[in-house]
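Sequential numbering of the sequence shown, starting at 0, is according to numbering that gives the first Met the number 0.
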Amino acid sequence: MKKIEVGVLGATGMVGQSFVKFLEGHPWFELTFVGASSRSAGKKYADATSWRLDGSMPERVAGLTVSDCVPSSAAPKLVFSAMDADVATEIERAFAEAGHFVVSNSKNHRMESDVPLLVPEINPDHLKLLAVQKARGWKGAIATNPNCSTVALTMGLAPLIPFGIETIVATTMQAISGAGYPGVPSMDIMANVIPFIGGEEAKMEIETQKILGMLAGDHIEPLPARMSAHCNRVPVVDGHTITVSVGLREKVTREQVLYAFENFTAIPQQRNLPSAPKKPVLYLHEDNRPQPRRDAGRENGMCVTVGRLRTCPVLDFKFVCLGHNTVRGAAGAAVLNAELMYSEGLLD
Ligand code: NAP
């Protein structure tokens, strides 16, 4: 198959580098365009970028010249966005207006009524909102992936959707890599817990309700579940851990919930999308798992691990879930979204 050319806007930043790494060797997509600010434009990618990921910068990408983030015939039709949130709104819109498909990791457009906030295992039908965006006069469209902690939570909740999710209480222990580079000062985070991440709790609550919500024509009806998020930064490098208590409409046993976790599968697995984990939700039976250092990298960082399922004396059940924040919570999530769009024939 001839590969589809793709670009990354904000390719020099932390998330941009994750895209560059994740796309290397991709069977469908080939990275041919790297965009960043005017500070970087015109330089070789290797000269414009302080590479901060494990392993070396892919050689082929190192030699690409960084472009300004302006729509042009030089930019491929499919672009991933990892730009600074301060500039992403206008630039992503300009690309969509000019006919590009923007698959964005930034928060800017996530909650707009005609923009899908996708988790391909949960709400692939929300892609129908792309057609609604035509009313804006755009030739292209914008699709988004959720905040890094929300991906892990919603994937952990996905197997329970058929039981009717009514109440969610989620407490996060979030890795420092989620704050980008240089992130949280070492003097603040070493041997410490910071019980505040600006804007994160509200984001988790409304994004979860949209992701688990129902497509209703030209918008999403949010899941009418009551939800409370507590977000904490902890001295972990990669992997957001979340303890969850959930109230369900149906009266089900622990065995039924465990069966649902262990047998969960969805469209990305059925279509064998290249970045889809074989088991999107991997239940670990050990009493002391999942743990970020040991489990965040499973299935190339694309699955969510779950464990410690037990009955909850306040709500119905409680469990722990864990997701890799810069892979499943960022670049990997966006690439899987684009694979879903391709498999739906939307990128033709
Ligand atoms: P970052 O390291 O600061 O990178 C920002 C990128 O945006 C750089 O490539 C930068 O290019 C580019 N940029 C800045 N101003 C620009 C402009 N005027 N025009 C075009 N490009 C411009 O940030 P990050 O941590 O990678 O985060 C990127 C986005 O992903 C943010 O929206 C963030 O909220 C979101 N996000 C981050 C994480 C995470 O784990 N860090 C997780 C989920 C989502 P230069 O190098 O030329 O300045």
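Here a beta-carbon is modelled for each residue, glycine too, at the ideal position from N, C-alpha and C. Just so you know, these numbers come straight off a predicted model, no measurement behind them.
Asked: In chain order, what residues of the same chain lie with their CB nearer than 8 Å to the CB of Arg-309, ignoring the 5 residues before and after it?; Found: Arg-253, Phe-316, Lys-317, Phe-318
Asked: For the beta strand (DSSP E) containing Thr-31, name the first residue and the last one.; Found: 28-35
Asked: Say the cut is 7 Å; is the CB of Thr-242 nearer than that to a heavy atom of the ligand NAP?; Found: no
Asked: Would you grab the beta carbon distance between Phe-21 and Gly-331 for me? Rounded to a whole angstrom, and I think it's under 8 Å.; Found: 6 Å
Asked: Just to confirm, are Arg-109 and Glu-206 a CB contact at a threshold of 8 Å?; Found: yes
Asked: Rounded to whole angstroms, what's the CA-CA distance from Ile-210 to Thr-242? Just pull it up for me.; Found: 19 Å
Asked: Is the segment 40-59 in contact with the segment 73-90, if contact means three or more CB pairs nearer than 8 Å?; Found: no
Asked: Could you pull the DSSP bridge partners for Gln-173 from this structure?; Found: Arg-232
Asked: Using only the alpha-carbon positions, how far apart do Tyr-180 and Arg-248 sit?; Found: 42 Å
Asked: In the structure shown, what three-state DSSP assignment does Thr-240 receive?; Found: strand
Asked: Within its chain, find whatever has a CB closer than 6 Å to the CB of Ala-265; leave out the 5 residues flanking it on each side and keep chain order.; Found: Glu-120
Asked: Please determine, among Tyr-258, Thr-11, Val-236, Ala-224, the residue with the shortest C-alpha to C-alpha distance to Ala-35.; Found: Thr-11
Asked: So, with DSSP's three-state summary, where would you put Val-256?; Found: helix
Asked: Looking at the strands, I want to know which residues DSSP matches up with Asp-315.; Found: Asp-315 pairs with nothing; no bridge assigned.
Asked: Looking at Ala-329: is its Cβ nearer than 8 Å to the Cβ of Val-235?; Found: no
Asked: Determine the extent of the beta strand (DSSP E) in which Arg-288 is found, giving its start and end residues.; Found: Counting along the chain, Arg-288 falls outside any beta strand (DSSP E), and DSSP gives it neither H nor E.
Asked: Where His-25 and Met-0 are concerned, what is the direct C-alpha to C-alpha distance, given to the nearest angstrom?; Found: 12 Å
Asked: Which residues mark the beginning and the end of the alpha helix (DSSP H) in which Ser-185 is found?; Found: 185-188
Asked: Run the proximity test for Arg-92: is its beta-carbon closer than 7 Å to any non-hydrogen atom belonging to the ligand NAP?; Found: no
Asked: Should Ser-39 be listed as close to the ligand NAP, given that the test is whether its C-beta is under 7 Å from any heavy atom?; Found: yes
Asked: With a 10 Å radius around its C-beta and 16 neighbouring C-beta atoms as the bar for buried, classify Met-186 as buried or exposed.; Found: exposed
Asked: Rounded to a whole number of angstroms, what is the C-alpha to C-alpha distance between Ser-103 and Phe-18?; Found: 11 Å
Asked: Is Val-313 buried or exposed, if buried means 16 or more other CB atoms sit within 10 Å of its CB?; Found: exposed
Asked: May I ask you to report which of helix, strand or coil DSSP gives Thr-48?; Found: coil
Asked: For a test of your reading of the model: does the CB of Tyr-180 fall under 7 Å from any non-hydrogen atom of the ligand NAP? Yes or no.; Found: yes
Asked: Can you give me the C-alpha to C-alpha distance between Pro-291 and Arg-297, rounded to a whole angstrom?; Found: 10 Å
Asked: Would the C-beta of Thr-64 count as close to the ligand NAP, meaning under 7 Å from any of its heavy atoms?; Found: no
Asked: Applying the 10 Å Cβ sphere with the 16-neighbour rule, what's the burial state of Val-192?; Found: exposed
Asked: Give me the Cα-Cα distance between Ile-188 and Arg-293, rounded to the nearest whole angstrom.; Found: 21 Å
Asked: Within the continuous beta strand (DSSP E) that includes Ile-3, where are the two ends?; Found: 3-8
Asked: Taking buried to mean at least 16 other C-beta atoms within 10 Å of its own C-beta, is Phe-195 buried or exposed?; Found: exposed
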